[in-house]
Each structure stands twice: as structure tokens, then as C-alpha cells.
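Protein chains: 2
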Amino acid sequence: MATVKSDIEIAREAKMKPILEIGKKLGIPTEDLIPYGHTKAKLSLDFISGLSKKKDGKLILVTAINPTPAGEGKTTTTVGLGDGLNRIGKKTMICLREPSLGPCFGMKGGAAGGGYAQIVPMEDINLHFTGDFHAITSAHNLLSAMIDNHIYWGNELGLDTRRISWRRVMDMNDRALRDIVCSLGGVANGFPREAGFDITVASEIMAILCLATSIEDLERRIGQIVIGHKRDKGQVLAKDIKAAGAMTVLLKDALLPNLVQTLENNPAFVHGGPFANIAHGCNSAMATKAGLKLADYVVTEAGFGADLGAEKFFDIKCRKAGLHPDVTVIVATVRALKMHGGVGKDDLKKENVEAVKKGLANLGRHIENVKKFGVPIAVAVNHFVTDTDAEVKAITDFCHEHGVEGFKCTHWADGGKGTEALAKHVAALADKGSSQFHPIYDDAMPLWDKVKTIAREIYRADDIVADKSVRDQFKAYEAQGYGKFPICMAKTQYSFSTDPNLKGAPTNHVVPIREVRLSAGAEFIVVICGDIMTMPGLPKVPSAETIGLDAKGQIAGLF
Amino acid sequence: MATVKSDIEIAREAKMKPILEIGKKLGIPTEDLIPYGHTKAKLSLDFISGLSKKKDGKLILVTAINPTPAGEGKTTTTVGLGDGLNRIGKKTMICLREPSLGPCFGMKGGAAGGGYAQIVPMEDINLHFTGDFHAITSAHNLLSAMIDNHIYWGNELGLDTRRISWRRVMDMNDRALRDIVCSLGGVANGFPREAGFDITVASEIMAILCLATSIEDLERRIGQIVIGHKRDKGQVLAKDIKAAGAMTVLLKDALLPNLVQTLENNPAFVHGGPFANIAHGCNSAMATKAGLKLADYVVTEAGFGADLGAEKFFDIKCRKAGLHPDVTVIVATVRALKMHGGVGKDDLKKENVEAVKKGLANLGRHIENVKKFGVPIAVAVNHFVTDTDAEVKAITDFCHEHGVEGFKCTHWADGGKGTEALAKHVAALADKGSSQFHPIYDDAMPLWDKVKTIAREIYRADDIVADKSVRDQFKAYEAQGYGKFPICMAKTQYSFSTDPNLKGAPTNHVVPIREVRLSAGAEFIVVICGDIMTMPGLPKVPSAETIGLDAKGQIAGLF
Chain A
820 MATVKSDIEI
830 AREAKMKPIL
840 EIGKKLGIPT
850 EDLIPYGHTK
860 AKLSLDFISG
870 LSKKKDGKLI
880 LVTAINPTPA
890 GEGKTTTTVG
900 LGDGLNRIGK
910 KTMICLREPS
920 LGPCFGMKGG
930 AAGGGYAQIV
940 PMEDINLHFT
950 GDFHAITSAH
960 NLLSAMIDNH
970 IYWGNELGLD
980 TRRISWRRVM
990 DMNDRALRDI
1000 VCSLGGVANG
1010 FPREAGFDIT
1020 VASEIMAILC
1030 LATSIEDLER
1040 RIGQIVIGHK
1050 RDKGQVLAKD
1060 IKAAGAMTVL
1070 LKDALLPNLV
1080 QTLENNPAFV
1090 HGGPFANIAH
1100 GCNSAMATKA
1110 GLKLADYVVT
1120 EAGFGADLGA
1130 EKFFDIKCRK
1140 AGLHPDVTVI
1150 VATVRALKMH
1160 GGVGKDDLKK
1170 ENVEAVKKGL
1180 ANLGRHIENV
1190 KKFGVPIAVA
1200 VNHFVTDTDA
1210 EVKAITDFCH
1220 EHGVEGFKCT
1230 HWADGGKGTE
1240 ALAKHVAALA
1250 DKGSSQFHPI
1260 YDDAMPLWDK
1270 VKTIAREIYR
1280 ADDIVADKSV
1290 RDQFKAYEAQ
1300 GYGKFPICMA
1310 KTQYSFSTDP
1320 NLKGAPTNHV
1330 VPIREVRLSA
1340 GAEFIVVICG
1350 DIMTMPGLPK
1360 VPSAETIGLD
1370 AKGQIAGLF
Chain B
820 MATVKSDIEI
830 AREAKMKPIL
840 EIGKKLGIPT
850 EDLIPYGHTK
860 AKLSLDFISG
870 LSKKKDGKLI
880 LVTAINPTPA
890 GEGKTTTTVG
900 LGDGLNRIGK
910 KTMICLREPS
920 LGPCFGMKGG
930 AAGGGYAQIV
940 PMEDINLHFT
950 GDFHAITSAH
960 NLLSAMIDNH
970 IYWGNELGLD
980 TRRISWRRVM
990 DMNDRALRDI
1000 VCSLGGVANG
1010 FPREAGFDIT
1020 VASEIMAILC
1030 LATSIEDLER
1040 RIGQIVIGHK
1050 RDKGQVLAKD
1060 IKAAGAMTVL
1070 LKDALLPNLV
1080 QTLENNPAFV
1090 HGGPFANIAH
1100 GCNSAMATKA
1110 GLKLADYVVT
1120 EAGFGADLGA
1130 EKFFDIKCRK
1140 AGLHPDVTVI
1150 VATVRALKMH
1160 GGVGKDDLKK
1170 ENVEAVKKGL
1180 ANLGRHIENV
1190 KKFGVPIAVA
1200 VNHFVTDTDA
1210 EVKAITDFCH
1220 EHGVEGFKCT
1230 HWADGGKGTE
1240 ALAKHVAALA
1250 DKGSSQFHPI
1260 YDDAMPLWDK
1270 VKTIAREIYR
1280 ADDIVADKSV
1290 RDQFKAYEAQ
1300 GYGKFPICMA
1310 KTQYSFSTDP
1320 NLKGAPTNHV
1330 VPIREVRLSA
1340 GAEFIVVICG
1350 DIMTMPGLPK
1360 VPSAETIGLD
1370 AKGQIAGLF
């Protein structure tokens, strides 16, 4: 019996082409590709600007049912579908998020697809890559240092040191930095105050970089960041600290999309990676927009399940970046649907058509939801070796009854060949031009009503509830002129409700809003329902303990 | 009258060659140069290993008199001499340190030479460059996170949380992080304890990276780091925390030398940048050793004046990396010598031959000192427009009387053409092979005696003094097996003594040792005399406030 190869083994056997060659296929001249090694490159801003008059390709979003511990394989399917489209002769680019470095040292595992549907060089992508996250960390912490420096030298702006909301960041799982007291040690070190660190992906700078549509827009957004308040409660912005210019300088290369390739040598942008809870969880607008100019089809993904990821993709990213999605692919797996149907993790290998059918309520609701945004849908059944034909058929039959088509996809084992049927259908849907995309709420709607619209239309909750202080905060943001911003929901990804244990398609629930935060630079209002962790910790035995270079100089223990 | 161009204007007018072309001149195949953009590249480890049987070129150290606010131009002279040697037909490489990103946002100014003796691309080199410092920051902070994680999950090693000496680092001037209390906020965040941040260049990882001679040596040294002590005062090492492998993975690219070019398209390695006080202050051993295989001459520099920089270059870097310097060039300026001769900063423009002559005592002593290491000497008089011929002649006459030759060098205005005379002399000295280099103390000498040797022979102090606790610490290190390590002196760079105001060539002083620290991974003992700042702050009006991108998208306000 053949041994199943690990992701890293497959990735290492990849026959990568020089990145300049991948770029050439897209019509990018050598001087506009800034290489980082021989298999990674950034695309120059000048070249991107020069594309503005070209017609946009078709935009395909890959999203998923609510995630379960069984795994759905959204990134893997995004890569597989991209390879499949290229395989059937459609000029296609893939747009993915960049993984974060810190978590690699906690739990084993990368974020560059899997099996024969991966982007490479996977080790580089998962570690320092082209330095984007380091640049974001530097820019973020420069602002932090300038804030404390301002206070140290006299605090001319009158910042209330108890009300500084701008923290520091590090791309590391380090719970010891969540809450600190800084500026200890005497007069030379400033005024002691409470502070803390988040992981870099949770930085507002990350969200800003991913939504900015130009270097000017980046600087404008950075200037708008609210870093804290004065004793009279007036806001202090990053531009008041005079930090926006220097921060933009630190980010000027990070703003450029990163080009890599799939195992089948198809082009992929991997750029930006904002949190999918307190931020919108999609790759950069710069990359997606550039991709649409360079290819006829762009396949991209959004974080978590469609209730969170697709909703934010539509209502935040597409709204703000002027994108018009043509097709949405919802990824489901037999295993995950079984879990939504009530099966425990240990019993997933046994055939259980009834449980699949029961769990399909989850998929069905996501299909209904995406329809509300006016975007045509296809379903990808990401195949696992233990899936039976009867189980797969239950899904495709269900899809057909609901007016969409579902396809068994074997890209994990077969690469692009395994998504050919899906690819043909998706291309046909996109080419038909039937998408009538629109966000689910208008800019002008009051903030409270925007949240209620999402909760009712997408989560199928009866209502939203919040303390008076939270409701007052919504009104205060509207009074300050932030009422036109979209909403960025932060809730559990495991359920339509705020209870992670409510699988399937729960109804009759209520969404309690615990907290609301302003991301004035990212230009959205974060609505927090439940516990949101912005600085992870390491597990008892972190994978870092077994990571190292082997005798051949290759990385061991990381994947 | 012609306007004098600024460094950045000159750098922007540079006609840079593709870095692959620069590499080709050195015989480096394309696949062994890992490009970072079109004008920066890293050299592969495989290629470096393959050079081991080649004959070494000649090694030329550029050092200086004690620095003054007037400036000496050591980096500028290193670049100018490298260009001059290439100009007279000598195949020469330059090896410099990488500048730190953080300080760029405090005071205006870069660290890539000046005038027509610069390395380019200067903006990249001064900012993120190839990400080496970010990798060092990540590796350092991974160890920090793993230490607090170990304590959180039960502290099996029995670390005393009051005795953790491993801090965190950030490449930013941020005084608020010098002293913090971390792990606040309750049970989920660990056990509150005192902690703090240093700037990345002060990280022991930086010193280790610069002294490591292979990836295996890097990992071995990291494992040796002492991160703290147990309640029974036993040491805890990085390898006890099982961090060395993962840290080495994070540093595997940072270990590779970075290739750039001078304005005259000559090759330069810019790699590593350890502090010149608590560390040894030279570029990486990897780069210097690779340079010696690739070129017939390597010009490199050491931090601060020759009393600190050259001494550590000889006694730490050359000793440990097995280097044999052939010539030492001591840089002096008329202006700086005037300051050593008692002239104030405001009166430097007036001709004052007597002051120059008086200040020459400082140069004279450095000449005597370098002779003690057995290395032939030349003097570079780095020319300023206000210098008079009589002043320059006073220096060259003095040199001649002391058995060495001094040369007026106009590389700042003229590039390599301005150092031709110096270059010819230096090449001749090197080719003669008369260097009889040896460190100034033996490995076997007791630690206290090593310090006394440096203080007497180099600083010309009568003695060294220290509290009993410090003297006991020396003995404790010897008992622990660290007695064979060299000494890394941390004292003011402005004087031979520990009093920064004692210019010229002071005698009859005593060197008080305030503190002694072990850098077990870097393999030296740091002896601290005076205040050493390992985390700078920003000034009242940081240059960050005026840094930004101009209408052309070019960086303004940085230089």
C-alpha cells in the first residue's frame, strides 16, 4: 500500500518555475516584479497603476459552511479550483491571505493549502515570507512609541494615559504581553500606565493595509486612526501624533501584492492576513484588484464560514473596494456535515447518510444567505478518502433541490484535475454574467440597524441586545460621523448563533453585543459578541520545541 | 556657486547595476544569489561552503580616533577606500554593518556612508533591508515567549521568575518598554513579573549571528544562552527551554550575507550590526570570511574608536573567526583632532594648526596601540572643505615621524579617486605580508587579568577597580567554565578613559567596573564601565514626524 505523503513532502517535490517566468505568463515585465528569492516576488505599484484601464476579470469567492473540528479545506479548495480553471484553459489567478508567523510555533501546521492543492514555497510563505507582517509590526509599534514619547516630552495634546486605546503588537503567541504596565523604572522611562500587546494580525494596520486601494489611501486611513482620548474625552488621532507619514514609509513595500505559484505553476497572490473576527478576514484589496486586471478569473477566499467571512467580504471588502463578485463557491465536507448532523469526532469514519442529511441544514442556510447578496452559487464537496458515494450523493442531491449544483472535488489527491467539473460549472456561471451583487445593508442605515440586519438576515436571530452603554456608544459613533461605516462582526465561527455548540441551522436565538469598537482607519465598526482573543498563548508543548533544521538543512517539525 | 548635494540626492542619482551582475563579477552563479529586489541579494550557504578551499584575500580594518561631535567618517572612508582599491585594479570587497531601523525615526541620518562614498540602495539598507533584524527580533522573542510559557504551564525547570535575565527586543526607540511588568490581568496570562525590552541590535542573538561561522555553530551558540536561574541559583539555558532549533529556523536566511554595491558599482557585504558597547560591534564573520574568498582584498570597519572597536575586532572577532588582519587604517579628521586639542564645536572652521598638533596625541596613542596587535598601519585624513593644507600637513608629518604614512582622502567629494594614494599604500602594505597579528591576551589568562591587560595596554589606565560582588562574579564565571571567553568592554567611546570629557590621550586614570555580564551564546564576558543604554528613546521632535512619501513616491525627511 502506498504511503500518503505529507503536505511538506509534496511541497518539497514541487517543480517550481522561476517567479519571473510565472510573472511573464501574466504579462508582467521583469522590472515590475521585485523578486524575493527566485520563487517569490512583489508587483510594482507603477505596473498596477498602469493596469487601471484594463477590463476586470470575473471574481469568484470561496467560502464554507460553519467550520468544525473535522476541517473543511477552504484554502485547499481555493487552490484546487484555481488549478482546475487553469487546467480547462481559463486564465485564472488565486488570491489568498498570508499566514501569521507566531502561531506556527504553537501548533504544528501551515496555511498554504494541502495535499496536491498547495501554494509554494510553503515554508517561506509560513515564516518571514516577504516581510509584510514585520513591516506592519514596525509601523504599528512606531505609532505606539511616538504616543508614549509625546507624553514623555510634555503631553501637549493632553492625552489621558488611562484612555490610550492604541496597543503594541508582536507576531508571536505570547500571553505574557497581553496586559502589562509600561514606563516603569523612573523619570527617564516616562509615566507608568497600563498597556498591552496583540498579535500582529489583529493590528488595525493589518486591516488598513488590506483595504487600502493606493499608497495615498493607506496614509489617509492611518492618519484617521483613533489612538486614544483626552481628559475632556476628545479623540486623538494618529495624524495628531504626526505618525502617518513615517508609518506609510515603513509600509510602502508591504502594500505591494506578493506573487507565488501553485504546485501546478499557476499564479497566486498571497497578500495580507487580517483577523477574521475583529477584522474582515480577506486578502488585500490591492491583490484582488490587480488579479482581476491580470487574469480572466480570480479565485479568492474569506475567513471562517459564510455567515462571517462571506458577509464581511461582501459588506466590507467588496463595498469599499468596488468589487463585483460573480460566483460564490461554498465548500462543504461529508465529515463536517456529519458533525453538524450531531455525529461526534470519533465516529466520522463510519458511513452515516442520515447524519449528513441532517447536517445539510447548515449548508442550506448558507446557500439561502449568499443568494440574498445576489451572487450565483456552486457547492464544492471537498472529498476525504473515508467519504462514501451515498454520502456525497446526499449532498449533491440536496444542492440540486435547492437550485444550485454540487460537485465532488478531489483536488487534495489529484490537484486541478480533481476540480475540473466544478471549474467548468463555475466558469459558465461567471460568464453568464447573472450576478446582481449588492451588500445586505446601505451605508446610510443607522449602525444599530445594520447589526440587526446582519443578525436577522444572516444569523436568523430574533433580535440583538446590548447594555445601554453599548447602545450609547453606537449613537456616539454616529454623532462623531462614523455612522456610514460598515459593521465588522466578531462572534464565534462555529455557529450561526453566538453559542459555538449550536450546530446545524439554529433559530429563535438572540445576539448579545458585549462591546463595540471603532476602527477609524480601517473604516468599520467592530461589534463584539462573546470572547475575542487578540493575543494567543502557546500550548503546553509548543511545536517550537520540535522545530529545527535536519541534517539536510531542511526545516523539520513545522508541518 | 554649485550647491552641495545631500547624501540622499547623490544616492538617488546612482546608476546601480543589477545585483546579479555585481555577483557575476565575483564569480557567483545566479542560482546562488537570492535576490531581494533587483539591487540586493543574499549569498547561499552552499556556495559559501564551496569556497572553503580557496585562498583568503588580504584583510584591511578601518578604525578611527576617539569619536567627537565633529564626526570622523569611518564608514565613508571604508567605502571610499574600497572604491579606491578597485579603481587601482585591486579586486576588493567591502564589509559593513547593517544599520538599525528604529533610530532612523529618532534623529535624521542614515548609516551607509556619505557624499560620493556610499553604498546603495541606501533607503532600503536603512529600513527593512533583507529582513535580518526582523528575523533576529522574532527569534529573540520566541525564546522569551517560550520562557513565560514554560512558567505558565507548571515551571518544570524551577525557574526563579525574579532571576530571568532574558528580556524581549524590538527594533524601535521606545523608552516606555525599558522596564515593564508583564503577565498581568489574571490567571490566563501567567505569573506577573518584572521584564523589559532592549533594542534589537542589543540582542545577544545579534552578537551570536555575527560571530557564528555556520548554521550548526549558530544553533550551538543559541543553545548555550543563559536565560535565567533557578531558586537554587543553577543556570537555565535556551536549550533547556528547547528553543534553539526553532530559533535557528527563524534565522536561517538572516545568517546569509547581504550583497549590495557602492556608488561606483563595487561589491559590498552589509551584514549584521551588533552594538559596539555590550557587543563587539563588527559585521558578521560569515560576510567577512566569504568576502576574503571572493576578493583579493576586503575592507571592513569596527565600531567607535580603535580603543573599543579595533580592540574587540582583534580580540573577539579575529580570535574567534580565525581571521588574520593585514593592515589597519586609522581614520582621523582635522576637525576631530582640533576637538581633541581643546577647540569647541563652534570654532572648528578656523584654521588652528596648534590645536591639531595638540589633538594628535589621541591619534598617536591609537597608532601605538594597534602596533601592539602586530598589524601594519596607515592613516586616512578624511578631508572636509574647511581643512587647510597646513592642518593636513601637521597630521601627515606627525604620522611620518611615528613610522606610518598619512594620506589626505577626498572620497566624500571625489569617490574612489579621492583615496587612490591611500589605496596604493594600503595594497602595498598588505601585499608585503608583514602583519604579525596576535590578540593582546591569551584565552587562558584569568578574566580579571584580561580586563586589566586591556585597561593598561590600550586605555593606559593605572588599574581597574570593582566591588567585591563584581570580582566574585568574575570568579563565578571561571568556576562555571567561562574563563576562556574573551572580554567585551562596554565603556564610553569618547575617551580612552571612562570619562567622556577626557579628550586627547589621558593617563593616570583608573577604570571602575560597574557590572559584568555573561553572553554565553556570543561567548564573551561583557564588562560594563559606566551607563550603557540598551533601549534608546525618541527625541522631543522625532524625525518620524517629518518622514513621509513625497509627490513622486520617494521618501522625504529620512536623511
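Note that the protein sequences, when read in sequence, are chains A and B.
Okay, so the first sequence: first residue is 820 according to the numbering used here, each after it adds one.
Okay, so the second sequence: first residue is 820 according to the numbering used here, each after it adds one.
Note that CB positions come from ideal geometry on N, CA and C, so glycine has one too.
Quick one: is residue i near chain B, going by C-beta distance under 8 Å?
i, result
"A/Cys1001", "yes"
"A/Ser957", "yes"
"A/Asn1008", "yes"
"A/His1143", "no"
"A/Leu796", "Any property of residue 796 of chain A remains undetermined from this structure, which presents chain A solely from 820 to 1378."
"A/Trp1231", "no"
"A/Ala954", "yes"
"A/Gly1004", "yes"
"A/Gly950", "yes"
"A/Ile1374", "yes"
"A/Lys1061", "yes"
Who pairs with residue i in a beta bridge, going by DSSP?
i, result
"B/Gln937", "B/Gly932"
"B/Arg994", "Beta-bridge pairing links B/Arg994 to no other residue."
"B/Asp1017", "B/Val988"
"B/His1048", "B/Gln1054"
DSSP three-state call for residue i: helix, strand or coil?
i, result
"A/Ala1197", "strand"
"B/Arg1040", "helix"
"B/Phe1088", "strand"
"A/Lys1426", "Past the edges of chain A, shown from 820 to 1378, lies residue 1426 of chain A, and the structure says nothing about it."
"B/Cys1029", "helix"
"B/Pro922", "helix"
"A/Ile827", "helix"
"A/Gly1225", "strand"
"B/Thr980", "strand"
Check for me: the beta strand (DSSP E) holding residue i runs from which residue to which?
i, result
"A/Met912", "911-915"
"A/Ile1306", "1306-1309"
"B/Thr1081", "1077-1081"
"B/Lys877", "877-883"
"A/Leu1337", "1334-1338"
Chain A beta carbons: is any one of them nearer than 8 Å to that of residue i?
i, result
"B/Glu917", "no"
"B/Met965", "yes"
"B/Met820", "With a pLDDT of 43 at B/Met820, under the threshold of 50, the modelled position of this residue cannot be trusted, and the question is left open."
"B/Pro1361", "yes"
Which residues in chain B have a C-beta closer than 8 Å to the C-beta of residue i? List them in chain order.
i, result
"A/Leu1379", "The shown model of chain A, from 820 to 1378, leaves out residue 1379 of chain A, and the question about it has no answer."
"A/Trp985", "What A/Trp985 touches in chain B: nothing, since even the nearest Cβ is about 12 Å away."
"A/Asp1281", "Ordered by position in chain B, no residue passes the 8 Å Cβ test against A/Asp1281, which lies about 33 Å from the chain."
Quick one: which chain A residues come within Cβ less than 7 Å of residue i?
i, result
"B/Ala924", "Note on residue identity: the sequence assigns Phe, not Ala, to residue 924 of chain B. Within 7 Å Cβ-Cβ: Leu961, Ala1065."
"B/Asn1171", "What B/Asn1171 touches in chain A: nothing, since even the nearest Cβ is about 37 Å away."
Counting only Cβ pairs nearer than 8 Å, list the residues of chain A close to residue i.
i, result
"B/Ile853", "Gly856, His857"
"B/Asn1102", "None at all; the shortest Cβ gap to chain A is about 21 Å."
What is the residue span of the alpha helix (DSSP H) that residue i lies within?
i, result
"A/Ile970", "951-971"
"B/His1159", "1153-1159"
"A/Cys1001", "Element bounds for A/Cys1001: not the alpha helix (DSSP H) but the beta strand (DSSP E), 999-1001."
I want to verify the contact list: residues of chain B whose CB lies under 7 Å from the CB of residue i, in sequence order.
i, result
"A/Leu920", "Ser957"
Residues of chain C with a CB under 8 Å from the CB of residue i: which are they?
i, result
"B/His1202", "Reference to chain C is not applicable here, since the protein chains of this structure are A and B."
Can you list the residues of chain B that residue i reaches, using a CB-CB cut of under 9 Å?
i, result
"A/Tyr971", "Arg994, Ala995, Gly1356, Leu1357, Lys1359"
"A/Glu1364", "Met965, Ile1060, Lys1061, Ala1062, Gly1064, Ala1065"
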